[in-house]
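Peer 1: Numbering (our numbering), first residue to last: 1 to 191.
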């Protein structure tokens, strides 16, 4: 992507944040923490401790503004009984791969392809289904809530095993070759 295109993305983001009455420095620090966390579940408190934002409530407000601007998608923890755990740590995905690369360059954090691929899958699924994540000893990258049931999606870029949690009836593992086919089929049929 050209420098000019990246500049347009950043100018859009900065201008929208200023229009919301937000501090650009705090926005940059939030974004740096989010992409630096590499999709590890994080809390509002951890963001406020690692940035110059002094309040977890302010951190939450900034991330919620980023979500309203479609820059990030927040995934809440969903337990085995389909209860949303709002007070637990959240996974925060950057919704667009070009925006992810631009943000990484802007905040001087190395981009990772596996994070980008998982975020692409999460943001596409979020357009059609409520999405969450699950973690309890093992992890499910993305849980889509389809027809009242949990459907697990694990995104793998390296070979290795993944053990499906017992409470999931349906789950799939996607590699980088399968991701485009899976995403293209979302509009054609339910999962």
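A virtual CB, placed ideally from N, CA and C, is assigned to each residue, including glycine.
Using CA coordinates, which residue listed in 175, 171, 142 is at the minimum distance from residue 156?
Peer 2: The residue with the shortest Cα to Cα distance from residue 156 is 175.
Peer 1: Excluding sequence positions up to five away, which residues of its chain have a Cβ less than 8 Å from the Cβ of residue 41?
Peer 2: Here the set comprises 77, 88, 89, 90, 91, 133, 135.
Peer 1: For residue 152 versus residue 140, is the C-beta spacing smaller than 9 Å?
Peer 2: It is a contact, given that the beta carbons lie within the stated cut-off.
Peer 1: From the DSSP secondary-structure annotation, give me the bridge partner or partners of residue 150.
Peer 2: Partner(s): 145.
Peer 1: For residue 171, name the three-state secondary structure that DSSP assigns.
Peer 2: In this structure, residue 171 counts as strand in the three-state DSSP scheme.
Peer 1: Could you tell me if residue 11 is buried or exposed, where buried requires 16 or more neighbouring beta carbons within 10 angstroms of its beta carbon?
Peer 2: Label assigned to residue 11: exposed.
Peer 1: Should the region 109-118 be called in touch with the region 6-25, which here means at least 3 C-beta pairs below 8 Å?
Peer 2: Segments in contact, no.
Peer 1: For residue 167, I'd like the list of residues in its chain whose CB is within less than 7 Å of its CB, leaving aside the five on either flank, ordered along the chain.
Peer 2: Around residue 167: 80.
Peer 1: Alpha carbon to alpha carbon, how far is residue 104 from residue 116? Give it in angstroms, no decimals.
Peer 2: Cα-Cα distance, rounded: 11 Å.
Peer 1: Taking a contact to mean a Cβ-Cβ separation below 9 Å, would you say residue 126 touches residue 73 in this structure?
Peer 2: Their beta carbons are under 9 Å apart, which means residue 126 touches residue 73 by this criterion.
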